[in-house]
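Only one structure is covered here, and it is reproduced in the block below.
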Amino acid sequence: MTDVVAEPETSAPGPESKPAAVPLLRTEGLRVHFPITEGIVFQRQIGAVRAVDGVSLDVQRGETLGLVGESGCGKSTFARAVIRLVEPTDGRIEFDGVDVTALKGDALRKMRRRMQMIFQDPYASLNPRMTIGSMLAEPLRVHRIASGRAATRRAQQLIEIVGLPRNALNRYPHEFSGGQRQRAGIARALAVQPEFIAADEAVSALDVSIQAQIINLLAELQAEFQLTYLFIAHDLSVVRHISDRIAVMYLGEVVELSPSRELYDRPLHPYTCALVSAVPIPDPKVEKTRKRMILRGDVPSPANPPSGCRFHTRCWLRRELGDPERCAAETPELRVMRPGHRVACHFAEELAGERRGALLADAAAHSDARDVSEDELIAPADVAPVPEPEDLRKDVIQH
Ligand SMILES: Nc1ncnc2c1ncn2[C@@H]1O[C@H](COP(=O)(O)OP(=O)(O)OP(=O)(O)O)[C@@H](O)[C@H]1O
Ligand code: SF4
Ligand SMILES: [Mg+2]
180 MTDVVAEPET SAPGPESKPA AVPLLRTEGL RVHFPITEGI VFQRQIGAVR AVDGVSLDVQ
240 RGETLGLVGE SGCGKSTFAR AVIRLVEPTD GRIEFDGVDV TALKGDALRK MRRRMQMIFQ
300 DPYASLNPRM TIGSMLAEPL RVHRIASGRA ATRRAQQLIE IVGLPRNALN RYPHEFSGGQ
360 RQRAGIARAL AVQPEFIAAD EAVSALDVSI QAQIINLLAE LQAEFQLTYL FIAHDLSVVR
420 HISDRIAVMY LGEVVELSPS RELYDRPLHP YTCALVSAVP IPDPKVEKTR KRMILRGDVP
480 SPANPPSGCR FHTRCWLRRE LGDPERCAAE TPELRVMRPG HRVACHFAEE LAGERRGALL
540 ADAAAHSDAR DVSEDELIAP ADVAPVPEPE DLRKDVIQH
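Heads up, the sequence shown is in the working numbering, so the first residue is 180 and it goes up one at a time.
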């Protein structure tokens, strides 16, 4: 498998005031393979799940990089490897210009203080036997930031910052709603004053209106504390509002990387086109005319990925082009198609050129002609759209 070697991003839309010199986070050819073993007494490796397979990405300081893709494509494993919760099999991770791939002991503990994670299910990640106050004081003590009354004062500040009621310190996670628990999870991540936060499906389990509140809160915190986010979700409609750029993963690889708006308006990888076509449009009139593109076939196993382009077994563009051999024979490079916009497809020019409209219409017509079950959709059809940014701003955080 060819490593995806990222060229320096010259046009990535980071915050204007920050030079794009050294990215806060950079991965180069990152691989995480989980061994598949056989035997009870004498275990031997018979294969590997290639959860992350040669991912090179950078995240600029103050930027939000969205990461999307179907279930099992390696999003969480990538995030966990980056913050060193799972060991990389190969490749390099740099944080603030320093190779952190092999850090251990005290050096790893110090680095972890700068990188935090927010999880999908805050209830599972919060200790049910600890009050919110003790839960917030713990990382302060572990990282020797504050103890005793100073820690209590800091915990009080944190719950105010994330919009929890003042009496939350003495309460337990089960006493809160899902949205409030996610606020507590965010407060815990903020406790150690990190620079980088990986939010792994942080809003996926919440109701749409609560999702908007939490996204709004994350955006406010980013501005206030100059945070850098890796924001992971299945659902493009959630990711696009908060992300400056979006990376699309398929079977352990990045297949498209682009400024958020451009990815949504003019995706150039056939897989991304299908993802985008599944995003509901808030305007009911336009929504009625939306042509959903259905991907045929199951997602192949990451233990035995298809040859050449991993997407070739499900690719509608390949079919439209008469099944060119190159798709199954040669791994496409993640190459620059426009400034800041990279695509891993041998035939991306087809979707960048004049034939785009005709190809998309033909593919959608073929998809819609089939009687499909909801399970076949790559994003649930009933996902309500996340409010547009103006609505998000109007959405007052509940204190
Ligand atoms: N500890 C592990 N041991 C073995 N295989 C694993 C382990 N963790 C993840 N995997 C496998 O690695 C692949 C990628 O999983 P991962 O959880 O990273 O995907 P994901 O994109 O986050 O999916 P989802 O959207 O469902 O959260 C999957 O095939 C998964 O089964
Ligand atoms: S390289 Fe071929 S199979 Fe892969 S995305 Fe492009 S057209 Fe589809
Ligand atoms: Mg995941």
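Yeah, the Cβ is synthetic: ideal placement off N, Cα and C, and Gly gets one too. Bear in mind the structure is a predicted one, so any value in this text is a computation, not a measurement.
At a Cβ-Cβ threshold of 8 Å, Asp232 and Arg263 do not count as neighbours. Ordered along the chain, residues surrounding ligand 1 are Phe213, Val228, Ala230, Ser250, Gly251, Cys252, Gly253, Lys254, Ser255, Thr256, Pro481 [Cβ under 5 Å from any heavy atom]. Annotation: the stretch 270–329 contains the following complete segments of the beta strand (DSSP E) (minimum length 3 residues), in chain order: 294–297. Around the beta carbon of Pro267, a 10 Å sphere encloses 16 or more other beta carbons of the protein chains shown; the residue is thus reported as buried. Sequence-distant partners of Phe213 (beyond 5 residues in either direction) whose C-beta falls short of 7 Å from its own C-beta, in its chain, are Ala227, Val228, Ala230. The DSSP assignment places 407–412, 424–429, 432–438 as complete runs of the beta strand (DSSP E) inside the stretch 404–483, in order along the chain (cut-off: 3 residues). Following the DSSP letters along the chain, one finds Ala227 inside the beta strand (DSSP E) bounded by residues 223–238.
The residue from Ala426, Ala366, Ala457, Ile376 with its alpha-carbon nearest to that of Val341 is Ala366. Per DSSP, the unbroken alpha helix (DSSP H) holding Val261 starts and ends at 254–261. Along the stretch 336–409, the alpha helix (DSSP H) occurs as fully enclosed runs of 4 or more residues at 357–370, 387–404, listed in sequence order. Membership of Arg493 in any alpha helix (DSSP H) is not indicated, and neither H nor E is assigned to it by DSSP. Inter-residue distance for Gln361 and Gly276 is about 31 Å (C-alpha atoms, whole angstroms). Burial check for Asp278: the Cβ neighbour count within 10 Å stays below 16, so the residue is exposed.
With contact defined as three or more Cβ pairs closer than 8 Å, the stretch 240–254 and the stretch 493–500 are not in contact. The alpha-carbon of Gln401 is positioned some 27 Å away from that of Val434. Arg292 is a Cβ neighbour of Val371, given a cutoff of 8 Å.
At the C-beta level, Ala347 and Ile297 stay beyond 8 Å of one another. For Leu204, the three-state secondary structure derived from DSSP is strand. When DSSP states are grouped into helix, strand and coil, Gly501 belongs to the coil group.
According to DSSP, residue pairing for Gly245 in a beta bridge involves Phe410, Ile425. DSSP places Val220 in no beta strand (DSSP E); its state is neither H nor E.
Within its own chain, the residues whose Cβ lies closer than 6 Å to the Cβ of Glu273, once the five positions on either side in sequence are excluded, are Arg205, listed in chain order. For Val265, DSSP assigns no beta-bridge partner whatsoever. Taking 8 Å as the cut-off, the Cβ atoms of Ser480 and Ala507 do not count as close. Apart from the 5 residues on each side of it in sequence, Ala378 sits with its Cβ closer than 8 Å to the Cβ of Met296, Ile297, Leu397, Tyr408, Leu409, Phe410, Ile411 in its chain, given in chain order.
Arg521: member of the beta strand (DSSP E) spanning 520–522, first to last residue. For the set Val247, Ala368, Ile473, Glu466, the Cα lying nearest the Cα of Ile425 is the one of Val247.
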